[in-house]
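Scroll down for the structure; my scribbles are underneath it.
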Amino acid sequence: MVHIVGAGPGAPDLITVRGKDLLDRADVIIYAGSLVNPALLESRKAQCQVYDSAKMTLEEVIAVMEAAELEGKTTVRLHTGDPCIYGAIREQMDELEERGIPYDVCPGVSSFCGAASALKMEYTLPDVTQSVIITRMAGRTPVPERESIASFAAHGATMVIFLSAGMLDELSRELIKGGYFPDTPAAIVYKATWAEEKTVICTVESLSASAGRENIRKTALILVGNAVAQSSYERSRLYDPVFTTEYRKGTGEEG
Ligand code: SAH
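Mapped onto this note's numbering, the consecutive letters of the sequence shown carry residue numbers 4 to 258.
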């Protein structure tokens, strides 16, 4: 059996209880060494074999899983954050299905949640925005034209931009082209929840200069939108004394 497990954003105690349990019982661990905190491997079984997928191809990863399966071993494929976001898990799952190797997926705390907690921020502020757009700049993996940064910027929603810390001049240009003002609040969160975590509050226009000052080139998320400023929002209806909800009788006429 192969368990695809989300490692969380970095801090070793931000893996799920289930994920930690699977990891501690695994006979084989294949982990994404470029982003997963190696501290997570410390409590593995003594005989556990460990592979760093940063140095492997898909074919090599599958070959390790297949060999483990033939020996009746349990494999954990450990991905950073949550595996469903830029995790390249579909191609692995398809190969496993083709070989009849059973697998499941254990979710993790994505770095976009770790970044919000680093900033003590709520992405969905009433009267500011109720949506979060998770996207990236095109890199070696292309992004469909209809999903350009500029087209998403036109919504004015909170944007969380992955895999783009090395392209900040172009990112700013695209955001402004799409309709964000140059002084729209933005943030850079480097290695959210790691000991080396850095947070920088800036503006859409000053992303590149701010990252340059802090020497941030990778392992960072870019957050954009008025929600980053965390000001001038409406309070929620859910906790408003006037409103009646399914669980609580309110004082007002409105229900
Ligand atoms: N599945 C992961 C994302 C993998 S893509 C998740 O759910 O978080 C890798 C990109 O994620 C990095 O380039 C960076 O943009 C972002 N990232 C991953 N971990 C991060 C962290 N701790 N802090 C900030 N950004 C992070």
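Ideal Cβ placement from N, Cα and C applies to all residues, glycine included.
Predicted model, so just to flag it, every value in this text is computed and none were measured.
- In summary, Q95 is buried, with 16 or more beta-carbon neighbours lying within 10 Å of its beta-carbon over all protein chains present.
- The beta carbon of R102 sits closer than 7 Å to the beta carbons of E69 from its chain, once the five residues preceding and following it are set aside; these are given in chain order.
- At a cut-off of 4 residues, the continuous stretches assigned as alpha helix (DSSP H) that sit fully inside the segment 38-107 are 61-73 and 93-101.
- For T222, the Cβ falls inside the 7 Å cut-off from some heavy atom of ligand 1.
- In terms of side-chain proximity, the C-beta atom of Y89 is found nearer than 7 Å to a non-hydrogen atom of ligand 1.
- If one requires a minimum length of 4 residues, the alpha helix (DSSP H) runs lying completely within the segment 127-176 are 152-156, in chain order.
- Between the alpha carbons of L174 and V192 lies a gap of roughly 15 Å.
- N229 is classed as buried because its beta carbon has at least 16 other beta carbons within 10 Å across all chains shown.
- With 16 or more other CB atoms across the displayed protein chains lying within 10 angstroms of its CB, G84 is buried.
- Between T161 and L226 the beta-carbon gap is near 7 Å, inside 8 Å, which marks them as a contact.
- Annotation for G215: no beta strand (DSSP E) segment contains it, though the alpha helix (DSSP H) segment containing it runs L210 to E217.
- Nearest C-alpha to S113 among A42, D107, D186 and I18: I18.
- Residue environment analysis places A195 among the buried positions, since at least 16 neighbouring C-beta atoms fall within 10 angstroms of its C-beta.
- In this structure, L26 and V79 form a Cβ contact; the two beta carbons are roughly 5 Å apart against a cut-off of 8 Å.
- By the Cβ-count criterion, T206 is buried, with 16 or more other Cβ atoms from all chains shown falling within 10 Å of its own Cβ.
- For G9, the enclosing beta strand (DSSP E) has its first and last residue at V5 to G9.
- Burial check for S56: the Cβ neighbour count within 10 Å reaches 16 or more, so the residue is buried.
- The beta-carbon distance between L38 and T202, rounded to whole angstroms, is 18 Å. This is too long to meet the 8 Å contact definition.
- Residue environment: S209 is assigned as buried (16 or more neighbouring CB atoms within 10 Å of its CB, all protein chains considered).
- The continuous beta strand (DSSP E) containing V227 extends over residues A223 to V227.
- A Cβ-Cβ contact shorter than 8 Å links V31 with A71.
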